[in-house]
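Asker: I'd like to ask some things about the structure below.
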Amino acid sequence: MSAVLGITNVTRRFAGLIAVNDVSFTLNQGEILGVIGPNGAGKTTLVSLISGTLAPTAGDIAFEGRPITKLPAYQRARLGIGRTFQIMRPFPGLSVLDNVAVGALFGHGGGESDLDKARELARAQLDFVGLAKFADQRADELGGPSRKRLELAKALAMQPKVLLCDEVMAGLNLVEIDEVIEVLKRVRERGISILVIEHVIKAIKSLSDRLLVLHHGEKIADGDPDTVLSDARVVEAYLGRRRA
Amino acid sequence: MKGLRWILLVAALVVLAAVPWFGSDVLVQFGINALLLAVLAQGWNIIGGYTGYASFGNSVFYGLGSYGVAIAMVQWELPFAIGMVFGVVLAVAFAFLLGLPVLRLRGHYFAIATLALAQVMIAIVSNLSIAGQNIGLVLPPLNDDRLFYELSLILLIAATATVFWLTRSRFGFGLIAIRENEEGAAVMGVNTTLYKVLAFALSGVFSALAGGIHAYWITFLDPASAFDISLNVKMIIMAVFGGPGTVLGPVLGAFVLSTVSELLSSEITSVAGLFFGLVVVVAVIFMPRGVADLMRRFRATGWRYFVKNLKAHRI
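Okay, structure coming up:
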């Protein structure tokens, strides 16, 4: 397995706070890597560092072996890095279809320049995540669970090689979580490597090939899900010392 | 339905184009002003309506266009057309030089920064001998209102066609994505810095051309009137009144408000300004998305449209 993403000794400071501290890991081709950790562990910061909306204070990020640490977010998107936002960021005034079409118009490789073709591609992605019937609604009229799917469709329309999912299951009920898990598994079948941040441990355990645990910005475990979840430090981080 | 719309549009254009042949001198002069204001509102629509950056710097482009024409014609004795090109070059250069730093600001901060630009320009131009310092420049007169009218109309058509193209192009979608959510646009691959500067420059090109036509028509300009900030306020009001981020809204807004303002100032001169302000306040409260949105939705919602907007303001 070759590494698609290589994170090496990455640190991000916000004034006095170290949100991500000297973290290193790789995301392999075709892999689903789960990233878990308590609130404030630095998970979203990590995704922002990889997608380029934040610059690391120190360390290097490589995509397919090529350093991207200094590239702006839009260039990383064109290389093939797509992300979703935990706090959903649809383009509220646009229709659901056009929201996704933006991904097809830009995205990996610079995107499709023809608007009609881009809308066609967008429609296919809406079908894929199960939002086809909302295509002509305004994005801000969608409910929470549908917005999560919209985030996914927008990122997928970019035809990314790597998909970074920031809590796409938060706030969903059990049935909806299962549906999203199915969608993500089918995304992987397309050859897209996925990094999933999640709070719902049960969901991420069944989805991930490998788990990485962040705590206070540091990586405290990385490996096979079962092994990681029984690791004493991980249990302590989640449940506290006495119960461990 | 779509065919009918095109026929109506063409008919309206033919009538507009024919005005100088049947209208009075006063009507033609009012027409030139209204058309140029519509160009300014449409130009502002590109950066303010589509990209979401409320620019108070468009009157700078207008001033640069005016001075481009004036300097070329008075100081260098070049033809008007070359003056227009010179004005556009100045505007584009300005958009890139100052757009790069200023477009890093968002919301109110961007508005305030651009507001200062016009004041700075007045100070600079007042001290340039090539621009006639604070006395200004007098252009060679050309008494042909018909020509100025048709030039203004052609410019308005070009500006509106450009905005129409925005609604169907990748570039335009990039701008809308920036307006709706800039960070979201960047991670989807939109080169936000480049797009914003291009939008600013494109908006500036139309403002500069309008300024150039106006300068040659009026044959006189000085720093204070060329970089008049109230002109910028006017274009914003017109674009917002008509419907920012729509193709025809700003044009409609400019025509309606020009007419209202003209009627008021000829009927009840002393309180005209007050009434004009009142019209704007009422419009913002009852139809904040402009005339364009009102016309689209009124048939479905009826009078409830106004009630809904009123409630949305929590008044």
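Chains as they are written, first to last, in the working numbering: chain R, 1 to 244; chain D, 245 to 559. Even for Gly, the Cβ is constructed at its ideal location relative to N, Cα and C.
1) Examine the Cβ distances between the region 520-534 of chain D and the region 493-504 of chain D and report whether three or more of them are shorter than 8 Å.
2) Determine the burial state of His215(R): buried for a count of at least 16 other Cβ atoms within 10 Å of its Cβ, exposed for fewer.
3) Using Cβ-Cβ distances below 7 Å, what residues of the region 145-169 of chain R are close to chain D?
4) In the region 443-486 of chain D, which residue ranges form an unbroken alpha helix (DSSP H) of at least 4 residues, counting only runs that do not cross its ends?
5) Just to confirm before moving on: does the CB-CB distance between Ala445(D) and Phe340(D) stay below 9 Å?
6) Can you find a C-beta in chain R that's less than 9 Å from the C-beta of Gly428(D)?
7) Identify which residue in Arg89(R), Gly16(R), Pro92(R) has its Cα closest to the Cα of Thr246(R).
8) Does the beta-carbon distance from Ile481(D) to Val515(D) come in below 9 Å?
9) What does Ala101(R) touch in chain D if you count any residue whose Cβ is under 9 Å from its own?
10) When the Cα atoms are used, what is the spatial distance from Arg76(R) to Arg533(D)?
11) Report the neighbours of Phe91(R) on chain D: residues whose CB is nearer than 9 Å to its CB, in chain order.
12) Does the Cβ-Cβ distance between Gly309(D) and Gly331(D) come in under 9 Å?
13) Please report the distance separating the alpha-carbon of Val100(R) from that of Ile32(R).
14) Compare the C-alpha of Asn39(R) against each of Gln29(R), Glu182(R), Leu54(R), Val20(R) and name the closest.
15) Would Asp222(R) be called buried (16 or more neighbouring beta carbons within 10 Å of its own) or exposed?
16) Taking the Cβ atom as the reference point for each residue, do Phe305(D) and Ala335(D) lie within a distance shorter than 9 Å?
17) By Cβ distance, which residues of its chain are closer than 8 Å to Glu151(R), with the 5 residues on each side in sequence left out?
18) Which runs of the alpha helix (DSSP H), 4 residues or longer, sit entirely within the region 96-142 of chain R?
19) Can you name the residues of chain D whose CB is closer than 9 Å to the CB of Phe14(R)?
20) Could you pull the start and end residues of the alpha helix (DSSP H) that Asp537(D) belongs to?
21) Just to confirm, is the Cβ distance from Gly456(D) to Met328(D) under 9 Å?
22) Less than 6 Å between C-beta atoms, sequence neighbours within five positions excluded: which residues of the same chain meet that for Ala41(R)?
23) Find the nearest neighbour of Glu189(R) within the set Leu163(R), Gln137(R), Ser230(R), judged by alpha-carbon distance.
24) Go ahead and pull the three-state DSSP assignment for Ile87(R).
25) For Arg119(R), go through chain D and note every residue whose CB falls closer than 9 Å to its CB, in chain order.
26) Between which two residues does the beta strand (DSSP E) containing Ile18(R) stretch?
27) Please tell me whether Ile368(D) has its Cβ less than 9 Å away from any Cβ of chain R.
28) Does Ala560(D) come out as helix, strand or coil in the three-state DSSP assignment?
29) Is any beta-carbon of chain R found at less than 9 Å from that of Asn600(D)?
30) When the Cβ atoms of the region 42-52 of chain R are set against those of the region 195-210 of chain R, are three or more pairs found closer than 8 Å?
31) Under a Cβ-count criterion, where at least 16 other Cβ atoms within 10 Å of its own Cβ denotes burial, should Ile251(D) be classed as buried or exposed?
32) In terms of alpha-carbon separation, which member of Val500(D), Gly493(D), Val551(D), Ser469(D) lies closest to Arg540(D)?
33) Consult DSSP for Glu182(R) and reduce its assignment to one of helix, strand or coil.
34) Who are the neighbours of Arg543(D) on chain R, taking C-beta pairs under 7 Å?
35) Identify whether Asp166(R) lies in helix, strand or coil by the three-state DSSP scheme.
36) Could you spell out where the beta strand (DSSP E) holding Glu218(R) opens and where it closes?
Answerer: Looking at the coordinates:
1) yes
2) buried
3) Lys154, Met158
4) 467-470, 473-486
5) yes
6) yes
7) A question about residue 246(R) goes unanswered here, because the residues of chain R that appear run from 1 up to 244.
8) no
9) Phe417
10) 36 Å
11) Ile420, Ala421, Arg423, Glu424, Asn425, Gly428, Ala429
12) yes
13) 23 Å
14) Val20(R)
15) buried
16) yes
17) Thr84, Phe85, Met88, Arg89, Pro90, Val168
18) 96-105, 115-129
19) None at all; the shortest Cβ gap to chain D is about 17 Å.
20) 534-545
21) yes
22) Leu214, His215
23) Leu163(R)
24) coil
25) Those do not exist, as Arg119(R) stays about 10 Å from chain D at its closest Cβ, beyond 9 Å.
26) 17-28
27) no
28) This structure leaves residue 560(D) out entirely; chain D is present only between 245 and 559.
29) The displayed coordinates of chain D run from 245 to 559. Any statement about residue 600(D) would go beyond what the structure contains.
30) yes
31) exposed
32) Gly493(D)
33) helix
34) Per Cβ cutoff of 7 Å: no residues; Arg543(D) is ~18 Å from chain R at best.
35) strand
36) 218-223
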